[in-house]
Structure formats: structure tokens, C-alpha cells
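What follows is a single structure, written as C-alpha cells, with notes after it.
4 protein chains.
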Amino acid sequence: MISDSTIQSIRNFTAERDWERFHTPANLAKSISIEAAELLECYQWMPEAPASDTRHVQEELADVLTYCIMMADALGVDMDDIIMGKLAKTANKYPVEAVRDSFGEYESRHLAARESGENAQYHS
Amino acid sequence: MISDSTIQSIRNFTAERDWERFHTPANLAKSISIEAAELLECYQWMPEAPASDTRHVQEELADVLTYCIMMADALGVDMDDIIMGKLAKTANKYPVEAVRDSFGEYESRHLAARESGENAQYHS
Amino acid sequence: MISDSTIQSIRNFTAERDWERFHTPANLAKSISIEAAELLECYQWMPEAPASDTRHVQEELADVLTYCIMMADALGVDMDDIIMGKLAKTANKYPVEAVRDSFGEYESRHLAARESGENAQYHS
Amino acid sequence: MISDSTIQSIRNFTAERDWERFHTPANLAKSISIEAAELLECYQWMPEAPASDTRHVQEELADVLTYCIMMADALGVDMDDIIMGKLAKTANKYPVEAVRDSFGEYESRHLAARESGENAQYHS
Numbered sequence: 001m002i003s004d005s006t007i008q009s010i011r012n013f014t015a016e017r018d019w020e021r022f023h024t025p026a027n028l029a030k031s032i033s034i035e036a037a038e039l040l041e042c043y044q045w046m047p048e049a050p051a052s053d054t055r056h057v058q059e060e061l062a063d064v065l066t067y068c069i070m071m072a073d074a075l076g077v078d079m080d081d082i083i084m085g086k087l088a089k090t091a092n093k094y095p096v097e098a099v100r101d102s103f104g105e106y107e108s109r110h111l112a113a114r115e116s117g118e119n120a121q122y123h124s
Numbered sequence: 001m002i003s004d005s006t007i008q009s010i011r012n013f014t015a016e017r018d019w020e021r022f023h024t025p026a027n028l029a030k031s032i033s034i035e036a037a038e039l040l041e042c043y044q045w046m047p048e049a050p051a052s053d054t055r056h057v058q059e060e061l062a063d064v065l066t067y068c069i070m071m072a073d074a075l076g077v078d079m080d081d082i083i084m085g086k087l088a089k090t091a092n093k094y095p096v097e098a099v100r101d102s103f104g105e106y107e108s109r110h111l112a113a114r115e116s117g118e119n120a121q122y123h124s
Numbered sequence: 001m002i003s004d005s006t007i008q009s010i011r012n013f014t015a016e017r018d019w020e021r022f023h024t025p026a027n028l029a030k031s032i033s034i035e036a037a038e039l040l041e042c043y044q045w046m047p048e049a050p051a052s053d054t055r056h057v058q059e060e061l062a063d064v065l066t067y068c069i070m071m072a073d074a075l076g077v078d079m080d081d082i083i084m085g086k087l088a089k090t091a092n093k094y095p096v097e098a099v100r101d102s103f104g105e106y107e108s109r110h111l112a113a114r115e116s117g118e119n120a121q122y123h124s
Numbered sequence: 001m002i003s004d005s006t007i008q009s010i011r012n013f014t015a016e017r018d019w020e021r022f023h024t025p026a027n028l029a030k031s032i033s034i035e036a037a038e039l040l041e042c043y044q045w046m047p048e049a050p051a052s053d054t055r056h057v058q059e060e061l062a063d064v065l066t067y068c069i070m071m072a073d074a075l076g077v078d079m080d081d082i083i084m085g086k087l088a089k090t091a092n093k094y095p096v097e098a099v100r101d102s103f104g105e106y107e108s109r110h111l112a113a114r115e116s117g118e119n120a121q122y123h124s
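Written out as C-alpha cells, the structure reads:
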């Protein structure tokens, strides 16, 4: 789990250093992407080369989670609430009976959405 | 917080659809990066254009968190443990007395690390 | 521009080190994301803090481009061809007369696509 | 290659829509990361599931390249110059005689840099 005690420790870490002013939602969104890529780097050349050691992977995952916690704080949202809300929406999009045992069924729903998503290009 | 109940709901969602076999650490690392970028997209053209609406931002953050929870599960780690472990390490790297009120002090520590980090190019 | 001479230099760099076997399209896709995040890191705390210096930004952009060149090679495609092909498709999606002077017109087309894109969650 | 003609077509596309004001280096850096993740999504569940079709992969790679071209323009740099400059620097970091046939040699150089890079956490 992620306890309220952990969340408070992160708040204290930030406040002690007077770093709150940098933690805008936009900057935290950038930070989450940056740390996610450092986690991805642990698997950059797999399977042709091995993954990074476990300790390093755990540290990079911790970094992503820490910035996510900071962002939930900046947005004033409860993480359980937003996760469970989205999970319900996703469960409806991918009903068990439709997608279980059928990658094709998942894929057609996914590709249909992707095709529409490709409209969003070179926007300004 | 992120409760054990939420974590179990995510496990159930995955198991119902028989999707565990896709959730390798490497695939989950890719998924975290992919969702992080969808969250970043909410702020793509800021400040010249407005950010996405709050509901959408929350849904994208929920997606990142959900994949992080799946990855912690796949790695068999407790999220409180890895977060608090990394926070202690980071607190040592950026002592309060050194970095508070001094972006320059933070920046020199950060850049020194970055310069070294630039050795890691085009590796295979 | 990116000349054929530059592309050949990158091929030589890879071949000299016997690194072709790691340069699968999947690994190169990961690499492009990893380097893109290092470029993004140059702007992590803007505008509250300054961006990285110009030289560093250029080096990170060069890294992204280099991996893109390697990927085009791995896919056996010509970069001019794929760019111009996609540009034509995008020009149709965002006709000048519709989007010029109207962020709202762009935004509605973009959001409509995004809403559909949100179907693609937690897939395996 | 990427010809000057292609680069000019991209400039025209942007100018026709009056979109230059959104194309700041910071926004373009975000855009490159966002498109890189859409390319990565083509390989999200590999190898357990197949990659996206070739046409889709090429379109996503085209998107990354297009934003890179826009960013080089915004920075006022020539892509051949910055790529060749960085390639020379990287060739020195990974001498052929050291890294060829020795993943261990590459890995130790890479990990040494990575360890230093881990200092850059939770900065503001």
C-alpha cells in the first residue's frame, strides 16, 4: 500500500527544502515522464541484453511513484478515489466476457480507439 | 492513500481477464511510460494554450498509478518500503541546509550527475 | 537536413562495435522514448527555474534523432517518405481554413480523438 | 535522408495554420516525448502479443521526426551538425576496442554513469 504516513514524509521532504513552488501540475507531469523513462531504461536492450539489477529497478519505480504522489497532492485528489473511478470505467470498456481468451477482441477495441487517436497530430 | 483494497481490485481486474501473462516487468515499464506521456499531453501546449480539464488529468494520473501498482506486484515489492527507502537516499543527496534557498547549490549537484549520466549513450 | 553521409556515419558507428543485434525496432522504440525524456529533462522545472544550457539541449536532441535514424534503418524506410506521407494525412485532419485563428476548432477535433483514445486502457 | 524540401514543407504546414507561437522549445520537447510514447505503444505488449502493423509504426516514427525537425528549427540548429558532433563525443566514450565483444565493458561504463545520474532526484 501507500500509507498516509508515506505521503506526509514526502510533503515534509518538499517543505523542508522550500521546493513547493516548483511542484506545479505541469512540472510534475514532466517529472513523471522523466522518471518513467529512467525506469524503462532498466529494460532498454532486453531481451538481447539483461535488465538492470532489482535494486535499481525498485529505486526508479519509487521515483515515479513519488512524483505521482506529489501530483495527486498538487491536484488535491485522493489516489484511491481516482484509481477506483478509472478502473470502473475501464472495466466497462473491456467486459470480461468479451476480452477474456480473445486478444483479437481486445485488439479491435484498442485499434478502433487508436485510429481516432491519430487525429491528434501537430496541434498547437 | 493507496489501500490494499484498491490493490486487490486491480489484481481482480487483471485475473478476471486472464491478462497476467502480459504483465511482465518489462511490459509494465513500457506501459508506465506510455501512460505518463498521456498525462503529459494534458499540458502539451501550456502556457500558450490551456491545460486539459481536471477530470481528464485525474484519469491519466490514475492510469499511471495503476500500472505502477501492477509493477510493484510483479516485482513483489511493497510500495511504502521502496518509496521510503529512496526518500532517505535522496534526502542525503540534497541536504536541507545545502539546497534550501539555493537553486545554484541544487543545480550544481544535479548538473554534476547529469554530465556523468551523458556517458550512457548509444549503448547496446 | 539529415544527409545520407550522416546516416552512413551512424551505421558505421554501430557496425564497428558489433551492436546491430541490439537494434531491434522494439529496443529502438524504447531508446527513442528514453532519450526524449532526457531532452524533456532540460525543461523539467520551467518556467519556475531556467532551462538547461543550449549545448546540453542540442546534445539531447541529437540523441533522439540518432535513434530515430537507426529505427528508420531497422524498418527499411526512407525518412522523407514517411514524414511527407504523414504530413499529408495530418493536413487533411486539420484543414487550414478550419483551425487557423480558432484554437477551439483545433481543440474540439483533438478532444474528440482523445475521448476515443481513452478506450485503450489496461490492455494486455 | 531528411531533405531541406521536407523541412520547408513542415515550416509551411505550421505557418499556414499560424501555429508558430505554440512551438516553443519547451512545448516541442514535451511533444517529442508524447509522440515517442505513441511509437513505443506499438510494442507495448511484445513479445507476449504482436507489435502494431508496419504502417502504424511508420506513422508514429514520422510524428517523432516531425517534432524533432520543428525543434531543430526553433533552436536554430542544423541536424547534421548536432548529430555528427554528438557522435564524435560518444565514439570517444565507447571506444571500439573496449566495447566490441564485451557487453561487460559497455555495462560498467554505463552503470558508472547511471550511479552518478541517480543523484538527480526530486529536484526543484
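Residue numbers (the UniProt record's numbering), protein chains in the order written: chain A, 1 to 124; chain B, 1 to 124; chain C, 1 to 124; chain D, 1 to 124. Quick reminder that beta carbons are idealized off the backbone N, C-alpha and C, glycines included.
Contact of residue 73(A) with chain B is not assigned, every C-beta pair being separated by 8 angstroms or more.
The C-alpha of residue 67(A) lies about 35 angstroms from the C-alpha of residue 83(C).
By the 16-neighbour rule on beta-carbons within 10 angstroms, residue 97(C) is exposed. Contacts between residue 6(C) and chain D, judged by CB atoms closer than 7 angstroms, involve 80, 83, 84 in chain order.
Taking CB atoms only, residue 49(A) has a neighbour in chain D less than 8 angstroms away. When Cβ-Cβ separations below 8 angstroms define contact, residue 9(A) makes no contact with chain D. By the C-beta density criterion, residue 25(B) is buried, having at least 16 other C-beta atoms within 10 angstroms. Linking residue 3(A) to residue 88(C) through their CA atoms gives a straight-line distance of about 51 angstroms.
In this structure residue 62(D) touches residue 86(C) by the C-beta definition: roughly 4 angstroms separates them, less than 8 angstroms.
Among the CB atoms of chain B, one or more fall inside 8 angstroms of the CB of residue 16(A). Annotated as distal: residue 106(D) and residue 29(C), with beta-carbon spacing of 8 angstroms or more. In this chain, the alpha helix (DSSP H) harbouring residue 60(C) covers 54 to 75. When only Cα atoms are considered, residue 104(C) and residue 49(B) end up about 10 angstroms apart. The residues 72, in chain order, have a CB closer than 6 angstroms to that of residue 79(C) in the same chain once the five nearest residues on each side in sequence are set aside. Counting the other Cβ atoms within 10 Å of the Cβ of residue 5(C) gives fewer than 16, which makes it exposed. Within 10 angstroms of the beta-carbon of residue 21(A) lie fewer than 16 other beta-carbons, which makes it exposed. Taking 8 angstroms as the upper bound for CB-CB distance, residue 34(D) and residue 40(B) are in contact here, some 6 angstroms apart. Using beta-carbon distances, residue 59(D) counts as an interface residue toward chain C, with a partner under 8 angstroms.
Straight-line spacing of the CA atoms in residue 9(C) and residue 95(D) works out to 15 angstroms. The C-beta of residue 92(B) has fewer than 16 other C-beta atoms within 10 Å across all chains shown, which makes the residue exposed. Membership of residue 7(C) in the alpha helix (DSSP H) is indicated by the continuous run 4 to 16. Apart from the 5 residues on each side of it in sequence, residue 31(D) sits with its Cβ closer than 6 angstroms to the Cβ of 67 in its chain, given in chain order. Between residue 11(C) and the set 100(C), 109(C), 69(C), 108(C), the nearest pair of CA atoms involves 69(C).
Shown here, residue 50(D) sits in coil according to DSSP, grouped into three states, outside any helix or strand. Here DSSP, grouped into helix, strand and coil, assigns residue 102(C) to coil. Going by beta carbons, residue 51(A) and residue 36(B) fall outside the 8 angstroms limit. Counting along the chain, residue 25(C) sits inside the alpha helix (DSSP H) bounded by residues 25 to 40. Residues of chain B with a Cβ closer than 9 angstroms to the Cβ of residue 33(C) are, in chain order, 30, 33, 34, 37. Using a Cβ-Cβ cut-off of 8 angstroms, residue 52(B) does not count as an interface residue toward chain A, since no Cβ of chain A sits closer than that to its own.
Burial check for residue 54(D): the Cβ neighbour count within 10 Å stays below 16, so the residue is exposed. At a beta-carbon threshold of 8 angstroms, the residues of chain B lying near residue 100(A) are 16, 17, 18, ordered along the chain.
In the three-state reduction of the DSSP assignment, residue 1(D) falls in the coil class.
Contact with chain A is absent for residue 108(B), since none of that chain's Cβ atoms lies less than 8 angstroms from the residue's Cβ. Assigned with DSSP and collapsed to three states, residue 43(C) falls in helix. From the listed residues 23(A), 45(A), 18(A), 27(A), the smallest Cα separation to residue 27(B) is found for 45(A). For the 8 angstroms CB-CB criterion, residue 18(C) and residue 17(D) do not form a contact.
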